[in-house]
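Participant: UniProt numbering numbers the first residue of the sequence shown as 1 and each following residue consecutively. Note that the Cβ used here is the ideal one computed from N, Cα and C, for glycine as well. Here the structure is a predicted model, which means the values were calculated and not measured.
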Amino acid sequence: MVDKVNGIAEYVLDEDEIKMYGLFQCELVLVYSNKQAMSAHKFGFEVTQSLMDQDIAPVGEYYIDDFETLKAKVIEIYDSTIQTLDDLKKKFEDLENIETKQGAQEKADAVQSNLDNHLNDKKNPHGVTKAQIGLSAVTNDVQAKKADFDKHTSDTSNPHNVTAAQLGLDKVDNVQQAPKSDFDTHVNDEDIHVNKSFKDKVGELLQQFTSDFKAKMEELLQQFTAHSYNQIRHISDAERKKWNGSVTYANIMLKNGATAGTRTPMYAKWGAFLILRGHVRTEPEVMFGSIPVEYVPFGGGVYTVPLSGTGGTANLIIYDTGDLKIKYQDPADSSKAGGGYYLDVVVGLQDGGTA
């Protein structure tokens, strides 16, 4: 096929097909590649003798005296003719296997009829499924008419009652917006909006303020650090623990027949103070107990203590050796002191150790 669009075919005769001269009537059968159609086309052509073939007889007559040469030439022509006949027989044998035009046309008509019947068959003879044509998710439901669809599309009355929340607009107020002209006027109003010049000026002031503020903060931090570490004004951590810590008491070592009364006589040192507490039963003018020397105030001391049950008083003497004695009872009648003495005394220290 040299032109499939216009249906132009071309066939070139080979050497064997033009060896004989004369008029030839031929038929060209085209079988299409789809194997469902063919066509037959008749044509004719003439093969004339060449000059050499036309001159064979005169040459034979001219050399008739040379019979052997003529004989050889005739034999050669005969052999050539026999070979040509053999070739033609083979070709005719091939032609016997070629379908005739009528038979080919009948087959083509039968194929066309079957094809037409197949094309007009709407019953899905091949059993094609919707999944095979990519429609597995499509349901076999009646669709709305186009008129109904167009009517629904042009319906602006919100037939489905779509809410603002469903559209993601639940936080938008249903208020009228300002016209663009009013918006532009508002944007360009320099009385309520800052311009670039003003922003640049503020930026410069902010940078200056930031630098000055940073320097001032660093100065205050230095002053605060110096103040915090000034132990003339502040106590140290060890001092704080000493002042805020719990007081540890020890029992006063009693002697010379003295006994503990309603409360055990005890002593402790808390900061710069000696603390005595408790209740002791003892005779006056007798060393009834003692405490360590390092707890004694410098040079000793005399302190007033109440008598138990009488409302009287007496003096508690703390000697610099740590001994303790009751003296100067009032009333002086010793029988009045049978209840004992309360040792609830706080003594200031100039120097001393810790309990």
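For the candidate residues LYS19, VAL12, ILE18, whose alpha-carbon lies nearest to that of LEU28?
Facilitator: Out of LYS19, VAL12, ILE18, VAL12 has the C-alpha closest to the C-alpha of LEU28.
Participant: So for ILE133, helix, strand or coil by DSSP?
Facilitator: DSSP places ILE133 in coil when its eight states are reduced to three.
Participant: In whole angstroms, what separates the C-alpha of ASP237 from that of LYS216?
Facilitator: Each residue's alpha carbon lies about 29 Å from the other.
Participant: Restricting to Cα atoms, I'd like to know which of ASP344, LEU206, PRO265 is closest to ILE291.
Facilitator: Comparing Cα positions, the closest option is PRO265.
Participant: What are the residues that DSSP puts in a beta bridge with HIS279?
Facilitator: According to DSSP, HIS279 bridges with TYR342.
Participant: So, using beta-carbon positions, are TYR295 and LEU316 closer together than 8 Å?
Facilitator: The answer is no: Cβ separation not under 8 Å.
Participant: Between MET287 and LEU274, what straight-line distance do the alpha-carbon atoms span, to the nearest angstrom?
Facilitator: Each residue's alpha carbon lies about 19 Å from the other.
Participant: Between the alpha carbons of VAL305 and VAL347, how many angstroms are there, rounded?
Facilitator: If you take the alpha carbons of VAL305 and VAL347, they lie about 12 Å apart.
Participant: What's the C-alpha gap between ILE232 and VAL280?
Facilitator: Distance between the alpha carbons of ILE232 and VAL280: 42 Å.
Participant: Any chance you could list the alpha helix (DSSP H) runs of at least 4 consecutive residues sitting entirely within the segment 158-242, in chain order?
Facilitator: Runs found: 180-187, 196-228.
Participant: Once you ignore the five residues that flank LEU276 on each side, which residues in its own chain have a CB closer than 6 Å to its CB?
Facilitator: Around LEU276: TYR267, LEU343, VAL345.
Participant: Buried or exposed: ILE133, going by 16 or more other Cβ atoms within 10 Å of its Cβ?
Facilitator: ILE133 should be labelled exposed.
Participant: Give the secondary structure of THR153 by DSSP, where H, G and I count as helix, E and B as strand, and everything else as coil.
Facilitator: Three-state result, THR153: helix.
Participant: Taking the DSSP output, what are the residues bridged to VAL306?
Facilitator: Residue identity check: residue 306 is Pro in the sequence provided, not Val. PRO306 pairs with THR313.
Participant: Tell me ILE318's beta-bridge partners as DSSP assigns them.
Facilitator: Note: ILE318 sits in a beta bridge opposite GLY301, LEU324.
Participant: In three-state terms, what does DSSP make of ASN114?
Facilitator: In the structure shown, ASN114 sits in a helix (DSSP, three-state: H, G or I).
Participant: Indicate the three-state DSSP secondary structure (helix, strand or coil) for THR81 in the structure shown.
Facilitator: Helix at THR81.
Participant: Starting from the C-beta of LYS130, find all residues in its chain whose C-beta is less than 8 Å away, skip the five residues before and the five after it, and write them out in chain order.
Facilitator: SER136, VAL138, listed in sequence order.
Participant: Please name the residue, chosen from ILE326, GLY339, ASP141, that lies closest to GLY311 on a Cα-to-Cα basis.
Facilitator: If we check each option's Cα against that of GLY311, GLY339 comes out closest.
Participant: If you drop the 5 nearest sequence neighbours on each side, which residues of the same chain put their C-beta closer than 7 Å to that of THR321?
Facilitator: Contacts found: VAL293.
Participant: Can you tell me whether DSSP reads LEU28 as helix, strand or coil?
Facilitator: In the structure shown, LEU28 sits in a strand (DSSP, three-state: E or B).
Participant: Should TYR229 go down as buried or exposed, given a rule of 16 or more other Cβ atoms within 10 Å for buried?
Facilitator: With fewer than 16 other Cβ atoms within 10 Å, it is exposed.
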